[in-house]
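Novice:
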Amino acid sequence: MCQVDEEYNEQLEKRTVPSVSQRCVKCKEGTAALIIRAGDAFCRGCFKDYFVHKFRAMLGKNRLIFPGERVLLAVSGGQASSSMLAQVQEGLSRNAPKKLRFTPGIIYIDEGGACGQSMEEREGVIAELETMFRATGYPFHIVHLEQVFDLPISVLEAVSSAPQRPEGSYKAAVEQFVQNARVKGSCSPGEGHMDPAVLDAQIQLSHLDTQDLANGTPPSSLQHQQDLERLFASVRTLTAKEDMLQTLRQHLIVHTARTKGYTKVMMGDSCSRLAVKLLSNISLGRGASLAVDTGFSDQRYGDVIIVRPMRDYSSKEIAFYNRMFGVPSIFIPGLDTKAPEKASIQHLTESFVTMLQADFPSTVSTIYRTSEKLHTARPPHSSEMETVAKCLLCLCALDTKEAEEASAFHATLVSERLSEKRVPESAQVGSASTADTVGQCCSSGVGQEGGCSSRGQGCCSSNLTPVTPDLKSLLCYSCRLTIKDMTGVESLPPYIVSEAERRHRRSQMKKEISEFLLDDEEDEVAAS
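With the sequence shown counted from 1, adding 119 to any position gets you the numbering used here.
(1) Less than 7 Å separating the beta-carbons of A458 and L364?
(2) At which residues does the beta strand (DSSP E) containing G231 begin and terminate?
(3) Are the beta-carbon atoms belonging to V395 and E469 less than 7 Å from one another?
(4) Excluding five sequence neighbours on each side, which residues of the same chain lie with their C-beta closer than 6 Å to the C-beta of E491?
(5) Do you know how far the Cα of G179 is from the Cα of R349?
(6) Only counting runs of 3 or more residues, tell me where the beta strand (DSSP E) segments fall wholly within the segment 393 to 459, in order along the chain.
(7) Alpha carbon to alpha carbon, how far is K591 from T356? Give it in angstroms, no decimals.
(8) With DSSP as the reference, label V262 as helix, strand or coil.
(9) Comparing alpha-carbon positions, which option in A407, T382 and R253 lies nearest C513?
(10) Buried or exposed for R625, please, with buried defined as at least 16 other CB atoms from any protein chain shown within 10 angstroms of its CB.
(11) Check this for me: beta carbons of P613 and V267, under 7 Å apart or not?
(12) Could you tell me the alpha carbon to alpha carbon distance between E155 and N214, rounded to whole angstroms?
(13) Determine, using beta-carbon pairs with one atom in the segment 429 to 444 and one in the segment 397 to 404, whether at least three such pairs fall under 8 Å.
(14) Are there any heavy atoms of the ligand PLP lying less than 6 Å away from the beta-carbon of R622, as far as the coordinates show?
(15) Looking at C-alpha atoms only, which residue of I226, V274, M605 and L347 is the closest neighbour of H374?
(16) Would you identify the three-state DSSP class for R220, choosing helix, strand or coil?
(17) Could you pull out every unbroken alpha helix (DSSP H) segment of at least 4 residues lying fully inside the segment 141 to 196, listed in chain order?
(18) How far does the beta strand (DSSP E) with K383 in it reach, from first residue to last?
(19) Could you spell out the range, first to last residue, of the alpha helix (DSSP H) harbouring M203?
(20) Within a Cβ cutoff of 8 Å, which residues of the same chain sit near L475, ignoring the five residues on either side of it in sequence?
(21) Spatial neighbours of G224 within its chain, please: CB distance less than 8 Å, with the 5 preceding and 5 following residues excluded, ordered by chain position.
(22) Do you know offhand how far F166's Cα is from M203's?
(23) Determine the direct distance from the alpha carbon of S201 to that of S339, and round the result to whole angstroms.
(24) For my contact list, V244 and I372 are in at a C-beta cut-off of 8 Å; report their separation, rounded to the angstrom.
(25) With the cut-off set at 7 Å, would you say S389 and Y420 are in Cβ contact?
(26) Using the three-state DSSP reduction, which class does N299 fall into: helix, strand or coil?
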């Protein structure tokens with residue numbers, strides 16, 4: 120039995136801790152410069168080869184980016200997106216053994232207006248990022264988050280994608296691209312340094328894209344900044360604020376890609392970030408869209424495909440690579456900076472995964488491998504039903520269209536319906552009597568000077584009904600929770616409200632003419 124005075128120092132075995140004095144596990148010759156995992160010690164050269172190969176293998180294995188395509192790199196200035204930008208530069212360089220063959224561009228979304236940053240802080244961050252982007256020689260676009268109030272409703276429409284290419288078309292496209300490059304005697308896209316005059320012109324165009332003034336502020340930002348502050352002030356919880364910010368950021372990136380002619384968008388989501396995102400999305404009710412939210416490719420927008428080439432890298436690997444090879448990055452405070460651990464579901468999930476990863480190093484990889492096995496069942500869709508069947512905000516397939524009676528969602532709907540305040544019977548009788556009388560004013564003096572219509576403001580009974588459309592029927596379960604945490608939908612950007620009204624009008628029109636429409640079975644009988 121164990122005793123209080125018993126000593127165990129001589130009997131316990133000492134645990135072997137990996138040290139950098141070990142040999143590299145790959146070349147077996149160099150001294151290890153870093154240890155990624157227990158037993159995976161790499162020297163400097165082998166770690167760079169391992170890091171670069173993983174990036175190109177991810178792109179080559181999926182074969183979604185064809186030669187000559189324009190790809191937009193979403194760079195936030197953080198560790199992962201800056202490392203992704205460095206990998207693209209490495210792949211397009213002259214000495215790369217297996218060159219990348221697409222044409223890159225860069226986009227940065229300035230979210231300082233939603234995070235409480237002053238205009239001086241935002242301008243300082245943009246100046247640092249411009250210096251970093253200018254060194255790459257790629258065209259870049261700096262977009263302010265306030266520009267969501269100028270977006271058209273076409274952002275919320277899933278454009279039909281191009282027909283799927285045959286299986287051997289990728290190899291044929293590569294061979295054709297190489298042959299054309301040899302004939303023209305041109306270099307690979309993005310190779311070399313750009314002429315200073317051309318680079319200055321692109322910088323001027325990037326400023327024109329954001330409609331900047333001399334002080335770096337968009338002309339409409341004074342009003343739009345107040346609208347943005349009002350929007351995020353109407354959201355009660357930090358969980359809903361982060362979800363809303365993610366949605367608006369995605370809309371701006373997709374709109375910029377469409378208007379500038381980009382067909383692919385690269386995001387810098389790492390393996391650690393996707394593991395946190397998977398668990399937090401399950402908690403937020405986005406289980407039906409996990410495959411598109413965490414997979415390598417996201418094709419919900421149709422003509423613009425979002426890819427995540429950094430999803431095989433852990434945050435530890437990215438931090439080591441940036442530190443060892445001098446990849447610049449900028450820390451930009453966000454909504455959850457200095458927030459308590461339990462301030463939001465996303466922040467709490469990140470703290471939980473990080474602490475679990477410290478004690479069990481395979482936590483992130485296990486969650487990540489689980490996300491790789493998720494696939495979304497895609498039913499056959501038509502062009503008419505494609506817009507109606509998608510969520511108004513996130514454009515994922517609606518998971519609230521037909522709720523089963525035995526589902527948790529149906530139970531939630533029943534509970535909400537029973538919890539609603541019921542209108543008194545006297546009010547119902549009064550409303551019914553006024554509804555029967557068409558054109559009658561709510562006041563006693565109908566058609567007289569004492570009526571409210573004589574004051575030029577219309578009948579006061581119209582003010583009792585809200586003008587904003589009901590968004591609940593157009594949203595998925597997770598987006599419903601986000602809108603539910605808002606004090607009102609009046610502060611939403613105009614393009615969201617306009618698209619909601621358009622969908623409601625279309626649905627109402629379909630109900631009115633439903634008896635004149637042929638069903639699928641009747642259509643087949645008539646055709647035969």
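The C-beta atom is built at its ideal place from N, Cα and C for all residues, glycine as well.
As the structure is a computational prediction, the values presented were derived from the model and not from experiment.
Specialist: This is what the structure gives:
(1) no
(2) From DSSP, G231 is part of no beta strand (DSSP E) but of the alpha helix (DSSP H) over G231 to C234.
(3) yes
(4) none
(5) 45 Å
(6) 424 to 426
(7) 19 Å
(8) strand
(9) A407
(10) exposed
(11) no
(12) Checking the sequence shown, residue 155 turns out to be Ile, not Glu. Looking at the two C-alpha atoms, the distance is approximately 27 Å.
(13) no
(14) In the structure on display, the ligand PLP does not appear, and there are no ligands present to speak of.
(15) V274
(16) coil
(17) 163 to 181
(18) K383 to M385
(19) Q198 to L211
(20) T482
(21) R189, V190, L191, L192, Y257, P258, F259, H260, K379 and Y381
(22) 16 Å
(23) The predicted position of S339 is uncertain, since its pLDDT is 49 and thus under 50; a value taken from the coordinates is nonetheless stated next. One C-alpha to the other measures close to 30 Å.
(24) Actually they do not touch by this definition, with Cβ atoms about 18 Å apart.
(25) no
(26) helix
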